[in-house]
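Engineer:
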Amino acid sequence: MVPKKLVLIPAVCLLLLIGIVLPTNAYAVRMSPSESITPNYDYISVIGATLTIGNKGQATAGGYVYYLGDYDSTLTIELQRQNGNGWSVIKSWEKSFTGKGHHSFEKEYYVASGNTYRVVTTATIKQGNKILETATSTSSEVKY
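Residue 108 in this note's numbering is what sits at position 90 of the sequence shown, and the numbering runs on without skipping anything.
(1) Applying the criterion that 16 or more other CB atoms from any shown protein chain within 10 Å of the CB defines a buried residue, is Y45 buried or exposed?
(2) In or out: Y61 buried (at least 16 other Cβ within 10 Å) or exposed?
(3) How about V83 and L97: are their beta carbons less than 9 angstroms apart?
(4) What's the C-alpha gap between V64 and Y85?
(5) Nearest CA to the CA of W111: which residue from I143, T139 and G66?
(6) With a threshold of 8 angstroms on Cβ separation, who are the neighbours of L69 within its own chain once the five nearest residues in sequence on each side are excluded?
(7) With a CB to CB cut of under 7 angstroms and the five nearest residues on each side skipped, what residues in its chain are close to T142?
(8) When DSSP labels each residue in this structure, what does Y84 get in the three-state scheme?
(9) To the nearest angstrom, report how far apart G166 and K113 are at their CA atoms.
(10) Measuring alpha carbon to alpha carbon, tell me which residue in S155, Y127 and R99 is nearest N163.
(11) For G132, name the three-state secondary structure that DSSP assigns.
(12) What residue range is occupied by the uninterrupted beta strand (DSSP E) comprising D90?
(13) Taking only runs that begin and end inside the segment 137–162, name each unbroken beta strand (DSSP E) of 3 or more residues, in chain order.
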């Protein structure tokens with residue numbers, strides 16, 4: 019009969035060897051400034067903000083949200099202008115929706131040249147008076 023210590027020592031050595039030899043896949047990922055991480059929401063599948071500006075200064079600001087549950091939602095679209103290092107809201111619109119699916123709307127507004135603009139869309143998902151989730155998306159910046 020083999021003593022327990024003689025069996026235990028090779029088994030521990032084997033475990034240590036496996037732990038040292040096997041490579042790990044833990045590493046850091048460097049992201050460029052233009053990349054973004056999309057958060058995982060409980061109710062919202064997709065949210066987005068869009069902005070186009072025509073050659074006469076007509077800005078079209080848009081927002082959209084997609085969710086699967088049978089809930090109410092509110093979309094708020096803010097057209098913002100860059101002021102130094104910050105942003106100020108120059109126009110805001112809101113629209114309510116009922117039921118699941120894709121909901122969106124667009125609004126137009128004339129903007130002044132020589133500025134940078136963006137749109138921030140906020141979606142709020144509700145069940146009755148209870149807010150279930152709020153999410154925000156920001157469009158690309160547009161210089162006009």
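Just so you know, even glycine gets a beta-carbon here, dropped at the ideal spot from N, CA and C.
Structural biologist: On the basis of the coordinates in this document:
(1) In the sequence shown, the residue the question calls residue 45 occupies position 27. Unreliable placement is indicated for Y45, whose pLDDT of 45 sits below 50; the coordinate value is still reported in the next sentence. Under this definition Y45 is an exposed residue.
(2) Stepping through the sequence shown from its first residue, residue 61 is reached at position 43. Y61 is buried by the Cβ-count criterion.
(3) By one-based count along the sequence shown, residue 83 stands at place 65. By one-based count along the sequence shown, residue 97 stands at place 79. Taking C-beta atoms as the reference points, V83 and L97 fail to come closer than 9 angstroms.
(4) Sequence index remark: in the sequence shown, residue 64 carries index 46 (1-based). Sequence index remark: in the sequence shown, residue 85 carries index 67 (1-based). Distance from the CA of V64 to the CA of Y85, rounded to the nearest whole angstrom, comes to 7 angstroms.
(5) Here the question's residue 111 lines up with position 93 in the sequence shown. Answer by Cα proximity: T139.
(6) Residue 69 sits at position 51 when you count from the first residue of the sequence shown. Correct list, in chain order: A77, T78, A79, G80, L97, Y135, R136, V137, S157, S158 and V160.
(7) Locating residue 142 in the sequence shown gives position 124, where the first residue counts as 1. In the same chain as T142, and ignoring 5 residues on each side of it, the C-beta atoms closer than 7 angstroms to its own belong to S91, T92, I149 and T152, in chain order.
(8) Reading the sequence shown from its first residue, position 66 is the one you call residue 84. In this structure, Y84 counts as strand in the three-state DSSP scheme.
(9) In the structure as shown, the chain begins at 19 and stops at 162. Residue 166 is therefore absent and cannot be evaluated.
(10) With the chain represented from 19 up to 162, any question about residue 163 goes unanswered, as that position is not in the structure.
(11) Taking the sequence shown and counting its residues from 1, the one referred to as residue 132 is at position 114. Looking at G132 - three-state DSSP - the assignment turns out to be coil, as it is neither helix nor strand.
(12) By one-based count along the sequence shown, residue 90 stands at place 72. If you look at D90, you'll find it in the beta strand (DSSP E) that goes D90 to N101.
(13) Within the segment 137–162, the runs of beta strand (DSSP E) at least 3 residues long that lie entirely inside it are, in chain order, 148–156.
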